[in-house]
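FYI, in mature numbering (1 follows the signal peptide of the UniProt record, and there is no 0) the residues of the sequence shown are -22 to -1, 1 to 385.
Below is one structure; the comments refer to it alone.
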Amino acid sequence: MQKIKSAALALPALLLAGCAAALPAENTATIETAAAAAPQTLKVYTSASLAPAAQAYAEAQGVTLTLTDEAASADLLLTDHAPGGSLLDVTSDTLLAAAAARAGITENANALPLGRSLYGYWARADVLNALLGDGAAAALQTANWEEWSDFVETLSAWMAEPKAATVTLSGADYTLPDARPGSLTATGVFAAPLDRASGYTAALLAADGTYTADALTGPLNGVYSAVTLEWDHMAADGGEGIFRRAKLTDLLAEYGADTCNGLVLVPFKCQLDDSDLTAEDYNAEGLLNYPVLADVGSIAINAGTSADGLKAAKSAALWLYSNGAGEDALTETLGVVTPWNTAAGTTAVTAMQVQQVGTGILPGVALDTAAADALTANELTLQDSEKHTKAERTAFVDGALAALGAE
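Shown next as structure tokens:
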């Protein structure tokens, strides 16, 4: 499935890049759905990025939606990462089991995946072109670590005092202008990330999925270098940045589809070299230059909800998985590649996502909520750091190892 719309752009601080993985063939399994009328009320615990899917269901089915910040009291959970708590086994119900099979799940599971979305540094193409000239985005996407970090530091100094400056990207020279372009309203190189946890994908792939200190210490040192570079050049007080680390799903929920057209993606670049890798399927260059197709989250049902709540939650889950409008909510509203490998190409940015998946991506690594929250908290400890010492680096790596449950 591919569809297409169009749009414009003028948002405060945002911004795109790809290891080989063509969009797989669509899973054509279908779900036999009940003909019962949609329930009238639904209580949902949801992240901001996934809330539009719940709202689309409520509007389409005439359901009264109640949002809660208490996961235990909700009928339905839409979370960025696998939730904890007492959840219904989706394979214990005939219709939900059919939905799970569509996502390739045949054994016990307490959640249904919602799909995947491009992750990295997003930026406005017109701003990058105004700063560096045509071809800037492509050059940034394949820049090595030394080129990328030098560019960030040079750009940060230029923003404080604009004057012509030359940077090298992907082996070619580009010159920053001697005056600030009128299209540039950012106050820093980076805006605060909307998703930090997905940035650990390259490190986990480098370690070949081995959650040990020996395998992960080198790659996590690379993440430390990337995160400190970001903190050192982040817009103050939540201000606008030229680049923003996020999933496309996060940006669509935050800014809307029209605003997101005109964005390009640069990979979240970590300082890796081949000596850091234990994986045989990847090399440092690929992990640096390809964007992540990140897991966007999952849908789950509280096991302890009432009979009416269970009916309401099942109806919503099945609508997303088996109804044409529900699939549109996933592919167009959320902007995901579904678990059964369909995607929308109805806007410039979703069409770019489809193209990038065909060109090459890094497969996202699923994390549970506890691990994602711990990784995020660990990054936040660096916020006010002024001197990046060996002790700080070691503490960061140890914190990330603990968050990941590494042995």
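We put the beta carbon where it would ideally sit given N, CA and C, even for glycine.
In this structure N280 is buried. Its beta-carbon is surrounded by 16 or more other beta-carbon atoms within 10 angstroms. Of the residues assessed, D273 falls on the buried side of the cut-off, its CB having 16 or more other CB atoms within 10 angstroms. Taking the CA atoms as reference points, T146 sits about 16 angstroms from N267. Among the bridge pairs identified by DSSP, P155 is matched with none. S70 and D252 have their C-alpha atoms spaced approximately 45 angstroms apart. Boundaries for K365: no alpha helix (DSSP H) harbours it, and the DSSP string shows neither H nor E there. Judged by DSSP in its simplified three-state form, R80 adopts helix. Rounded to the nearest whole angstrom, the C-alpha separation of A285 and T72 is 16 angstroms.
Linking P341 to C238 through their CA atoms gives a straight-line distance of about 23 angstroms. Note that the stretch 107 to 115 touches the stretch 151 to 163; at least 3 beta-carbon pairs, one per stretch, sit closer than 8 angstroms. Per the C-alpha coordinates, the member of Y99, A143, L55, T120 positioned closest to L92 is L55. Going by beta carbons, Y35 and V244 fall outside the 8 angstroms limit. Between A26 and G313, the alpha-carbon positions lie close to 14 angstroms from each other. Straight across, the Cα-Cα distance linking L20 with R222 is about 33 angstroms.
Judged by beta-carbon spacing, D210 lies beyond the 8 angstroms limit of Y97, meaning their Cβ atoms are not closer than that value.
Within the stretch 182 to 234, the beta strand (DSSP E) runs of at least 3 residues that lie entirely inside it are, in chain order, 219 to 225. For the pair T195 and V375, the CB atoms are nearer than the 8 angstroms cut-off. Rounded to the nearest whole angstrom, the C-alpha separation of A214 and R102 is 20 angstroms. Per DSSP, L66 is not a residue of any alpha helix (DSSP H), being assigned neither H nor E. Contiguous alpha helix (DSSP H) elements confined to the stretch 120 to 170 occur at 123 to 138, taking only those with 4 or more residues. Residue burial is scored here from C-beta neighbours: Y178 has at least 16 other C-beta atoms within 10 angstroms and is therefore classed as buried. The DSSP-derived three-state label of V343 is coil. For K368, the closest alpha carbon among the candidates D254, G82, Y202, A89 is that of Y202. In the three-state scheme derived from DSSP, where H, G and I count as helix and E and B as strand, P91 is classed as strand.
Per DSSP, the unbroken alpha helix (DSSP H) holding S300 starts and ends at 285 to 300. With the rule of 3 Cβ pairs closer than 8 angstroms, the stretch 74 to 82 does not count as touching the stretch 46 to 64.
Y35: member of the alpha helix (DSSP H) spanning 29 to 39, first to last residue. A164 and E131 do not touch by the CB rule: their CB atoms are close to 16 angstroms apart, not below 8 angstroms. With respect to the C-alpha of D351, the residue from M330, G377, M212 having the closest C-alpha is G377. At least 8 angstroms separates the beta-carbon of D254 from that of G187.
Under DSSP, A272 takes part in a beta bridge, and its partners are S95. When beta bridges are read from the DSSP output, R102 appears opposite L241. C-alpha of W318 to C-alpha of E263: approximately 30 angstroms in a straight line.
Comparing alpha carbon positions, the residue from G216, Y233, L118, P155 closest to G149 is L118.
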